[in-house]
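Visitor:
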Amino acid sequence: MMSQSQQYYKDGILLIFDEIILAEKVSPLYRAYLQTELAKAVQRRPHGWGLILAPTFLRDLELIQTKKPPILGRNDWMIDSRYAEEEKALKDFYDSKKGNSYVLEAKVNSGLIESVIETGFGYAGYVNHDGSLVLQDSAKIAKVLYGSPSPEKHAIPLYSKNEGADVDVLAGGKSKGWKLEGSVVPFTPLLYFKGDRNAGIKAVASEQGLSEERIRSLAISFFNELE
12 MMSQSQQYYK
22 DGILLIFDEI
32 ILAEKVSPLY
42 RAYLQTELAK
52 AVQRRPHGWG
62 LILAPTFLRD
72 LELIQTKKPP
82 ILGRNDWMID
92 SRYAEEEKAL
102 KDFYDSKKGN
112 SYVLEAKVNS
122 GLIESVIETG
132 FGYAGYVNHD
142 GSLVLQDSAK
152 IAKVLYGSPS
162 PEKHAIPLYS
172 KNEGADVDVL
182 AGGKSKGWKL
192 EGSVVPFTPL
202 LYFKGDRNAG
212 IKAVASEQGL
222 SEERIRSLAI
232 SFFNELE
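Take 12 as the starting number for the sequence shown in the working numbering and just add one per residue.
(1) For a test of the three-state rule: what should DSSP assign to G23, helix, strand or coil?
(2) How is K51 classed by DSSP in three states: helix, strand or coil?
(3) Along the chain, where does the beta strand (DSSP E) that runs through G220 open and close?
(4) Less than 7 Å between C-beta atoms, sequence neighbours within five positions excluded: which residues of the same chain meet that for Y137?
(5) Where does the unbroken beta strand (DSSP E) through Y94 begin, and where does it stop?
(6) Under three-state DSSP, which class holds K102?
(7) Assign I124 to one of two classes, buried (16 or more other C-beta atoms within 10 Å of its C-beta) or exposed (fewer than that).
(8) Cβ of A65 less than 9 Å from any chain C Cβ?
(9) Can you grab the Cα-Cα spacing for the pair D106 / D91, in whole Å?
(10) Go ahead and pull the three-state DSSP assignment for A135.
(11) Please classify D87 as buried or exposed, where buried requires at least 16 neighbouring CB atoms within 10 angstroms.
(12) Please report how far the alpha carbon of T67 lies from the alpha carbon of K164, in whole angstroms.
(13) Around the Cβ of I128, are there at least 16 other Cβ atoms within 10 angstroms (buried) or fewer (exposed)?
(14) Can you tell me which residues form a DSSP beta bridge with L201?
(15) Compare the C-alpha of A214 against each of K99, N173 and R227 and name the closest.
(16) Are Y203 and F132 closer than 9 Å when you measure CB to CB?
(17) Could you give the distance in angstroms between the alpha-carbon of I27 and the alpha-carbon of G61?
(18) Kindly indicate the opening and closing residues of the beta strand (DSSP E) around P80.
(19) Determine the closest residue to K108 out of R70, S161 and G84, with distance taken between C-alpha atoms.
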């Protein structure tokens with residue numbers, strides 16, 4: 012998925028943010044300043060720096076923005092009580108991040124995505140003009156069907172297996188055994204994942220020396236969907 016040199020630099024930039032979180036003796040205001048300023052450069056090419064592998068990073072950055080002063084200079088942390096309330100909120104945030112690692116999250120998701128690439132997706136069928144599903148026999152093992160809700164959007168989970176129901180109310184009773192998650196347009200092609208999410212999680216857990224529960228907590232949403 013990426014060369015060894017690319018992995019080195021991506022791990023390097025995330026390691027800097029890990030170090031900021033671990034720097035308990037440094038002012039929370041200064042840590043927030045460093046994290047937000049460095050993030051500006053990284054966010055110019057988020058995919059290039061591998062931020063898709065560490066989604067927590069961007070969520071944390073949004074939280075920091077809500078807790079830090081609107082305008083924060085590099086020397087503001089030196090002035091006692093200037094931003095006492097914000098400093099307390101930031102300290103609580105960084106304390107809550109103890110034991111977390113963006114580098115580990117990226118490594119876990121890199122391994123999980125590699126397992127997806129190895130097995131890949133298969134063609135499941137399509138949505139007919141009347142909203143019914145026309146599926147291949149090979150898609151019978153699928154629990155989730157993926158497709159684009161509109162031409163300009165990427166594929167997302169569109170249908171989930173609805174074993175306990177005869178018809179799907181959302182789809183007007185035309186997709187028996189499936190639950191429509193949102194909206195879909197006619198003739199949308201559908202895909203299904205041919206692999207085993209649980210097998211990928213077990214493999215990465217063994218490789219990283221972590222529990223499967225820990226791997227699931229770090230995994231991107233795809234690995235916590237219905238299996």
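Note that the Cβ used here is the ideal one computed from N, Cα and C, for glycine as well.
Guide: On the basis of the coordinates in this document:
(1) helix
(2) helix
(3) The continuous stretches of beta strand (DSSP E) do not include G220, and DSSP gives it neither H nor E.
(4) Closer than 7 Å at the Cβ level, and outside the excluded window around Y137, lie V145, F198, T199, P200 and L201.
(5) Y94 -> no beta strand (DSSP E), and no H or E assigned at all.
(6) helix
(7) buried
(8) This model lacks chain C altogether, as it is built from one protein chain only.
(9) Computed Cα separation, rounded: 20 Å.
(10) Looking at A135 - three-state DSSP - the assignment turns out to be strand.
(11) Taking all protein chains in view, the Cβ of D87 is crowded by 16 or more other Cβ atoms within 10 Å, so the residue is classified as buried.
(12) Their Cα atoms are separated by approximately 23 Å.
(13) exposed
(14) G136
(15) R227
(16) A contact, by the Cβ cut-off of 9 Å.
(17) 14 Å
(18) Segment: none, P80 is in no beta strand (DSSP E) and carries neither H nor E.
(19) R70
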